[in-house]
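The next block holds one structure in the form of structure tokens; read it before the comments.
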Amino acid sequence: MVQCDTTLLGETLANNPFDAITAKVGELLNAKGLQNMENPVTQLIRQGLQDMEFVSLEDFEIQKEVLNRLREKVHALEMRVAELEKRT
Numbered sequence: 036m037v038q039c040d041t042t043l044l045g046e047t048l049a050n051n052p053f054d055a056i057t058a059k060v061g062e063l064l065n066a067k068g069l070q071n072m073e074n075p076v077t078q079l080i081r082q083g084l085q086d087m088e089f090v091s092l093e094d095f096e097i098q099k100e101v102l103n104r105l106r107e108k109v110h111a112l113e114m115r116v117a118e119l120e121k122r123t
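Numbered per my numbering, the sequence shown finishes at 123, counting up by one with no gaps.
Here's what the structure looks like:
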């Protein structure tokens, strides 16, 4: 299986992308003296990311493999149908 480096800001996205992103936003807001903005902003980010319905890299790779096998089977069946049609 192909592995991909999915790190962002020193955090692994595959483990918890929401925490990695919201932690960095919190750091940036704290650095700018906007601590009181952290909670509403991180809630908006978390909700926005959840609405995007991400899938893990592992699930994506599994579905990609399934799709490739199905394509091969469909192609083989198309060839078989074409051969059977020639016989009749």
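Even for Gly, the Cβ is constructed at its ideal location relative to N, Cα and C.
Practice item. State the Cα-Cα distance for the pair Q85 and F95, rounded to the nearest angstrom. Key: Here the C-alpha atom of Q85 lies approximately 17 Å from the C-alpha atom of F95.
Practice item. Check T57 in the structure and name its three-state DSSP category. Key: Of the three classes helix, strand and coil, the one that applies to T57 here is helix, per DSSP.
Review point. When burial is assigned at 16 or more other CB atoms within 10 Å of the CB, is L105 buried or exposed?
Key: L105 is exposed by the Cβ-count criterion.
Practice item. Determine, using beta carbons only, whether I80 and V109 come nearer to each other than 8 Å. Key: With contacts defined as CB atoms closer than 8 Å, I80 and V109 fail to qualify as a contacting pair.
Check your understanding: Around the Cβ of T57, are there at least 16 other Cβ atoms within 10 angstroms (buried) or fewer (exposed)?
Key -> Classification for T57: buried.
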